[in-house]
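First up is the structure itself, then whatever we jot down about it.
Protein chains: 2
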Amino acid sequence: MTQEPFADRLVARVRMLGAPLCIGLDPYTEQIPAFFGNGLPAATAFCHEITALAAVHGAALKPQSALFEALGWEGVRLLHAVIAEARTRALPVMLDAKRGDIGATAAGYAAACLGPAPGMEADAVTISAYMGADSIEPFLALAEQTGKGVAVLVRTSNPGAAAIQGLLSKDMPIWAHVASLLAPQTQRLLGACGWSGLMAVAAATAPDEAARLRQLLPDALFLVPGYGAQGASAADAVAGFARTPLGLEGGIVNASRSVLFPAPAQRARTLPAWREAVSAAMAQARAELAAACQA
Amino acid sequence: MTQEPFADRLVARVRMLGAPLCIGLDPYTEQIPAFFGNGLPAATAFCHEITALAAVHGAALKPQSALFEALGWEGVRLLHAVIAEARTRALPVMLDAKRGDIGATAAGYAAACLGPAPGMEADAVTISAYMGADSIEPFLALAEQTGKGVAVLVRTSNPGAAAIQGLLSKDMPIWAHVASLLAPQTQRLLGACGWSGLMAVAAATAPDEAARLRQLLPDALFLVPGYGAQGASAADAVAGFARTPLGLEGGIVNASRSVLFPAPAQRARTLPAWREAVSAAMAQARAELAAACQA
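Chains as they are written, first to last, in my numbering: chain A, 74 to 368; chain B, 74 to 368.
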């Protein structure tokens with residue numbers, strides 16, 4: 074199953090769109106407009122519509138595994154269907170699963186998220202490194218063989234992130250120690266574009282840390298949460314990017330709630346009106362990020 | 074959905090059995106004996122058999138989510154069926170999922186693992202605290218309302234565990250900082266037995282740390298991995314337990330591979346011979362742990 078490295082596929086799409094926008098797919102059923110119906114059928118229709126719009130405006134799709142799992146095994150089946158649909162649209166899929174386990178168990182998660190688990194074939198997956206390098210290795214090994222990507226939680230965007238991640242040890246915060254586990258490995262997923270598909274999750278809500286993280290991981294693509302609904306600006310979101318002849322580059326910025334549930338879409342009473350509102354929100358995020366990368 | 078607190082249900086079963094044995098259910102399909110068949114049907118039959126034997130010898134069942142997920146959505150459906158079967162046998166189920174995410178997403182995982190996600194209703198779940206207190210809170214809140222348990226990764230059993238968990242900050246290892254996030258919360262899941270269902274994962278392979286962790290978390294039940302196939306003795310496994318009039322108490326020790334795939338069972342050619350071999354391995358682990366708790 075040889076394919077182009079994930080980094081090359083992702084960066085090519087970012088350059089084509091002119092903006093590093095990742096569409097987060099978080100099917101909060103209680104927020105899906107009433108005309109979609111209820112429960113699993115509503116989530117199914119909503120995910121199908123968002124995937125189609127993300128294929129126009131987004132460089133990648135990031136389904137949040139938790140919200141599919143919360144729908145039971147049928148939700149997991151829906152997740153597989155969404156990933157398959159995104160792939161037919163050539164939209165790279167980063168599965169936000171934040172898995173973390175050891176040895177053979179981590180290999181099970183790698184297979185479950187990136188394939189060859191039956192029906193599952195995301196292009197990249199998010200993982201936690203709290204358990205150390207041996208919890209990362211099975212994901213790296215599979216990604217290396219199959220042209221997939223792995224995004225490791227380094228500095229997250231939530232209010233409580235600093236409680237553990239920000240502790241200082243040997244004058245370095247814990248998140249920097251996690252980065253130092255990754256630094257010797259980035260070359261394994263390096264693309265021809267010069268960027269690595271061994272990615273770091275680096276929050277838009279902590280732009281100073283993102284800039285410092287860039288020094289530690291010069292070639293890792295960043296997956297940036299916290300833009301939009303969580304309060305960070307487009308400029309904050311690209312604080313860890315690098316200046317290139319093409320503008321700022323080096324990652325992908327996620328928008329979930331701000332593009333899935335913008336106020337005009339929540340007021341929409343028909344599918345065409347809803348599509349227009351969601352499409353406008355995605356286009357605005359894309360334009361903001363494009364401008365921030367050219368600033 | 075009021076029920077007895079998880080800590081009380083678990084401790085009652087440990088006392089009844091006389092040993093704190095947890096049976097880990099890790100359906101590595103390539104290790105399931107040939108007479109079970111292949112693929113999902115073999116995993117289904119194997120899980121059914123192990124659950125029946127665990128209900129005899131184990132105080133709890135700990136299915137490893139990764140290995141079910143690696144079987145695709147049908148594997149997740151099988152996981153639900155296994156949990157339902159264990160519940161009909163009054164065998165508490167600790168889902169080993171090691172989830173970790175923020176805010177509303179963590180609430181999604183809590184619902185997905187502990188219910189009310191359709192078909193899912195484990196009694197407890199393992200989670201990661203790398204993202205801080207706000208990533209734990211939704212699990213705690215749900216567990217508090219529904220009599221469930223939550224086991225947080227503190228000090229894990231894998232070779233690379235110390236890389237992050239063992240870093241010193243303010244003269245305390247990171248795992249102790251994680252414990253300090255939990256300490257103010259244990260009372261929320263406290264049972265009448267005096268133990269809390271806010272549990273700490275504390276490896277048998279690090280007995281000294283387990284004993285120190287007991288000082289930090291005097292009333293938290295420990296979930297102890299690393300016994301058996303990972304090399305730790307029964308004495309090491311209970312190093313973090315507390316002396317009580319009933320013997321050492323304060324947690325549950327997991328055995329997975331050593332009781333799922335013991336050599337005599339792997340040589341068995343028939344189901345009755347396999348049952349006898351697995352039952353003997355479980356009985357041996359139970360006896361070893363009972364003796365260690367009375368030493």
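We put the CB at the ideal spot given by N, CA and C, even for glycine.
Contact check between the stretch 204-213 of chain B and the stretch 174-183 of chain B: three or more CB pairs, one atom from each, fall below 8 Å, which counts as touching. A/K171 belongs to the set of residues whose beta carbon lies under 8 Å from a beta carbon in chain B.
Nearest in C-alpha terms to B/H250, of all of B/E142, B/A163, B/I237, is B/I237.
Residues of the same chain with a CB within less than 6 Å of the CB of B/N327, apart from the 5 flanking positions on each side, are C95, G97, K135, P298 in chain order.
Bridge pairing for B/Q137: B/D169 [DSSP]. Taken in chain order, the complete beta strand (DSSP E) segments of 3 residues or longer contained in the stretch 179-234 of chain B are 197-200, 222-228.
A contact between stretches requires three or more CB pairs, one per stretch, nearer than 8 Å, and the stretch 320-337 of chain A fails this requirement with the stretch 246-264 of chain A. Within the stretch 267-317 of chain B, the runs of beta strand (DSSP E) at least 3 residues long that lie entirely inside it are, in chain order, 269-275, 293-297, 315-317.
When only Cα atoms are considered, A/Q288 and A/Y101 end up about 37 Å apart. A/P345 sits in a helix when the DSSP states are folded into three classes. In chain order, A139, K171 make up the part of chain A whose C-beta sits under 7 Å from the C-beta of B/D174. The residue from A/I325, A/T278, A/G320 with its alpha-carbon nearest to that of A/F295 is A/I325. Among the residues of the stretch 143-164 of chain A, those with a Cβ less than 9 Å away from any Cβ of chain B are A143, L144, G145, W146, E147, G148, V149, R150, L151, L152, H153, in the order of the chain. Shown here for A/A118: same chain residues with a beta carbon closer than 8 Å to its own, the five before and five after excluded, namely F109, G110 in chain order.
For the pair A/T317 and A/A368, the Cα-to-Cα distance works out to about 12 Å. Check the Cα spacing between B/E158 and each of B/G188, B/A195, B/F141, B/G176: the tightest is with B/A195. When Cβ-Cβ separations below 8 Å define contact, A/I237 makes contact with chain B. Residue-level contact check: A/A277 does not touch chain B, since none of the beta carbons of chain B fall below 8 Å from its beta carbon. Pairing A/P106 with A/Q339 gives a Cβ-Cβ distance under 8 Å. Around the CB of A/S253, fewer than 16 other CB atoms lie within 10 Å, so the residue is classed as exposed.
Judged by their CB atoms, A/L113 and A/E77 are not nearer to each other than the 8 Å cut-off. According to the DSSP assignment, A/I247 belongs to no beta strand (DSSP E) but to the alpha helix (DSSP H) extending over 247-255.
At least one beta carbon of chain B lies nearer than 8 Å to the beta carbon of A/V251.
At least one CB of chain B lies nearer than 8 Å to the CB of A/S242. Apart from the 5 residues on each side of it in sequence, B/A275 sits with its Cβ closer than 8 Å to the Cβ of V227, R228, E282, A283, L286, F295, L296, V297, G313, G324 in its chain, given in chain order. Of all residues in the stretch 178-198 of chain A, only T178, G181, Y182, A184, A185, A190, P191, G192, M193 place a beta-carbon less than 7 Å from a beta-carbon of chain B.
With at least 16 other beta carbons inside 10 angstroms of its own, A/Q303 counts as buried. It is roughly 28 Å from the alpha-carbon of A/T219 to the alpha-carbon of B/S201. Distance from the CA of B/G270 to the CA of A/M355, rounded to the nearest whole angstrom, comes to 43 Å. Within the DSSP secondary-structure output, A/C95 pairs in a beta bridge with A/A133, A/N327.
B/L263 is bridged by DSSP to B/S269. Counting only residues of its own chain and dropping the five nearest sequence neighbours on each side, A/A279 has a CB closer than 6 Å to the CB of R228. Straight through space, the alpha carbons of A/R348 and B/Q104 are spaced by roughly 49 Å.
According to the DSSP secondary-structure assignment, A/S242 is paired through a beta bridge with A/M245. The beta carbons of A/F79 and A/G173 sit about 20 Å from each other, so the pair does not count as a contact at 8 Å. Taking a C-beta cut-off of 8 Å against chain B, the contacting residues of the stretch 221-232 of chain A are L226, T229, S230, N231, P232, listed in chain order.
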